[in-house]
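Here the structure is laid out as structure tokens; the discussion comes afterwards.
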């Protein structure tokens, strides 16, 4: 195991402990809300942003990816809900206009029956066209929002992958540098030990020669006396 991974592993474990109550709230409370309930979308987006941020900071790609996906899903559902609400409002407005025209046609029935019939028909056709146009516009906006969300998600994934590769490259470079420095120190130490051993051997030889010379002189003096 790399030395640099130990603190991150501890921090990731601590974060999972802290996040457990949030997970319980999500499963027991938030999950019971409607899929597009504003409170649920806000909670899920907040939790997703938190997971993505912590995952990026702690080097946990799985947690970061899961958090980004949850936040992006909440954003997409929020935009879709707003678009649906706008489409419903336009549809109600079109229905109100239709009803107003029908009422006007009924009021004018006694004066011009034929004109009333034509007015009602024209109003109905116009209202249907507006409803279709509003529905088509809402579908186009929803599709555009989804496409934009997919593009943003793809860009974020690319950025995360690039940052991860860069971090890994820096870590590997640091490890290689540290290994090279350690190897250089080891080589120097071995060279110094070899040099010391050579000097000790040389000193032993000099000492042996000196002892031999001393014994030779003592023997010579003994023979003369």
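In the numbering used here, the protein residues as written are 1255 to 1479.
C-beta: ideal position from N, C-alpha, C; glycine also.
Computed from a prediction, not measured in an experiment: that's the story for all the values here.
So, with DSSP's three-state summary, where would you put residue i?
i: residue 1314; result: coil
i: residue 1364; result: coil
i: residue 1370; result: helix
i: residue 1291; result: coil
Note down, in chain order, each residue of its chain lying with its Cβ closer than 7 Å to the Cβ of residue i, except the 5 sequence neighbours on either side.
i: residue 1355; result: 1373 and 1377
i: residue 1296; result: none
i: residue 1306; result: 1318, 1321, 1322 and 1325
i: residue 1293; result: 1287
If we ignore side chains and look at the alpha-carbon of each, how far apart do residue i and residue j end up?
i: residue 1258; j: residue 1407; result: Note on residue 1258: pLDDT 46, under 50, position unreliable in the model; the coordinate value appears next. Each residue's Cα considered, the two are about 29 Å apart.
i: residue 1393; j: residue 1409; result: 24 Å
i: residue 1357; j: residue 1381; result: 14 Å
i: residue 1321; j: residue 1425; result: 25 Å
i: residue 1442; j: residue 1451; result: 14 Å
i: residue 1375; j: residue 1361; result: 15 Å
i: residue 1456; j: residue 1468; result: 18 Å
i: residue 1383; j: residue 1298; result: 38 Å
i: residue 1334; j: residue 1396; result: 6 Å
i: residue 1391; j: residue 1369; result: 32 Å
i: residue 1319; j: residue 1412; result: 11 Å
i: residue 1428; j: residue 1421; result: 11 Å
i: residue 1310; j: residue 1419; result: 13 Å
i: residue 1477; j: residue 1463; result: 21 Å
i: residue 1458; j: residue 1430; result: 42 Å
i: residue 1473; j: residue 1440; result: 49 Å
Could you say which of the options lies nearest to residue i if we only look at CA atoms?
i: residue 1291; options: 1300, 1395, 1318 and 1331; result: 1331
i: residue 1313; options: 1367, 1455, 1474 and 1417; result: 1417
i: residue 1404; options: 1462, 1329 and 1432; result: 1329
i: residue 1386; options: 1287, 1346 and 1307; result: 1346
i: residue 1401; options: 1415, 1327 and 1365; result: 1327
i: residue 1315; options: 1414, 1470, 1440 and 1461; result: 1414
i: residue 1273; options: 1301, 1294, 1286 and 1282; result: 1301
Once you ignore the five residues that flank residue i on each side, which residues in its own chain have a CB closer than 6 Å to its CB?
i: residue 1303; result: 1325
i: residue 1344; result: 1388
If I measure Cβ to Cβ from residue i and keep anything under 8 Å in the same chain, skipping five residues before and after, which residues do I get?
i: residue 1260; result: For residue 1260, the predicted model reports a pLDDT of 47, less than 50, meaning its position is unreliable; a value from the coordinates is still stated below. Correct list: empty, nothing qualifies.
i: residue 1337; result: 1392, 1395, 1396 and 1399
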